[in-house]
Amino acid sequence: MEPVISPIALPATPASLRQWVDFFGPLDLPVLRHTARNIGALGHDIERVDARSIADAVLQDPLMTLKVFAWSARTRSRRQVTDIETIEPVVLMSGVYAFFTQFANLPTAESQLAGQPKALAGLLRVINRAYRAATYARDWALRRRDLDTEVILIGAMLHDFAELLMWLYAPALALEVENRLLADATRRSADVQRAVFGVRLADLEYELVRHWHLPELLISVMDDAHADHPRVRNVLYAANLARHSARSWDNAALGDDFRDIARLLNVSPEHVVHLVVPAEFRSHHLPDEAPPPLPA
């Protein structure tokens, strides 16, 4: 049986950045139902389960990933002077038994949003976008032969995590932002966020990862302000592509995305189109091919 989640009072909106951090900072985040089931199943075989299997289950869910990093920061030893930047070593350092003791009976997002189908649909859309961003980022990091591929994958998956929090805890406001952006595609999302939430979600994310003491390398690859670094661009461009293609492959911003990715990978924009766009949608983004020669 899933834990019952008590209602939580929101700060008055639009709220200040400090109010949102104080609100989200101490929360016990829910996870996806399938994550709770998978972690529970692994816990039933605790004598044989390994850290890699646990890490793979955690990385299927951005909410669970956040929970594990925040827990690791709270419980780290004073003798530990370096950050643990990926999930598998977190499990190894804490111990398998400690992990399953901490994450028994996980609350779920589906339970929290029961009776709110639009909020759950919005949450799942952002999670699906996070999965796609992580896949793009991992593939490009491998092409670039980056040694921190998993950090880049996690950075892309968590890049827009504040949207997840809003769908979970302020679904009416999240729906208002979505409706305003759908009504006027020319509006900048940051401006709408300020109007509805009182803050830019990028600013809220930066403060929360500091509050939760996430690893510095992970924070750095998620920080768009340092887009002069290839790893940051790798994460940023993956998040951009996932967001701009979330509803269709006709978004006007995709042309800029393809050119950005092309510069990152040192290939042509047309090559990027072939890499990322499903075949049935490519013709819109590629120049017309020359007609076949006439027969002699």
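Following this note's numbering, the residues of the sequence shown are numbered contiguously, the last one being 871.
Virtual Cβ for every residue (Gly too), placed ideally from N, Cα, C.
Q. Out of V771, A737, M732, L739, which has the shortest C-alpha to C-alpha gap to E751?
A. Ranked by how close their Cα comes to the Cα of E751, the residues V771, A737, M732, L739 have V771 in first place.
Q. Cβ of A716 within 8 Å of Cβ of I727?
A. The answer is yes: Cβ separation under 8 Å.
Q: Give the range of the alpha helix (DSSP H) segment to which T724 is assigned.
A: That run of the alpha helix (DSSP H) goes 724-733.
**Q.** The alpha helix (DSSP H) enclosing E738, as first and last residue numbers
**A.** 736-744 is the span of the alpha helix (DSSP H), which, as asked, contains E738.
Q.
Going by the DSSP bridge assignment, what does V606 pair with across the sheet?
A. T683, per the DSSP bridge assignment.
Q: Can you tell me which of the three DSSP states R627 falls into?
A: R627: helix per DSSP, three-state reduction.
Q: Go through the segment 814-839 residue by residue and report every complete run of the alpha helix (DSSP H) that reaches 4 residues or more, in order.
A: If we require 4 residues or more, the segment 814-839 turns out to have no alpha helix (DSSP H) run fully inside it.
Q. What whole-angstrom Cβ distance do M639 and L733 have, given they're in contact under 8 Å?
A. In this structure M639 does not touch L733 by the C-beta definition: roughly 11 Å separates them, more than the 8 Å allowed.
Q) Is V701 closer than 8 Å to D735 when the C-beta atoms are compared? A) A contact, by the Cβ cut-off of 8 Å.
Q. Going by the CB atoms, is the gap between T710 and L607 shorter than 8 Å?
A. The answer is no: Cβ separation not under 8 Å.
**Q.** Selection from A587, W595, R612 that minimises the alpha carbon distance to R775
**A.** Out of A587, W595, R612, W595 has the C-alpha closest to the C-alpha of R775.
(Q) Between A731 and A694, how many whole angstroms is the CB-CB distance? I'm expecting something under 8 Å. (A) Rounded to the nearest angstrom, the Cβ distance from A731 to A694 is 24 Å, too far for a contact under 8 Å.
Q) Once you ignore the five residues that flank A712 on each side, which residues in its own chain have a CB closer than 6 Å to its CB? A) Sequence-distant partners of A712 (beyond 5 residues in either direction) whose C-beta falls short of 6 Å from its own C-beta, in its chain, are I727, L728, A731, N809, V810, A813.
Q) Is the Cβ-Cβ distance between A837 and V847 less than 8 Å? A) The answer is yes: Cβ separation under 8 Å.
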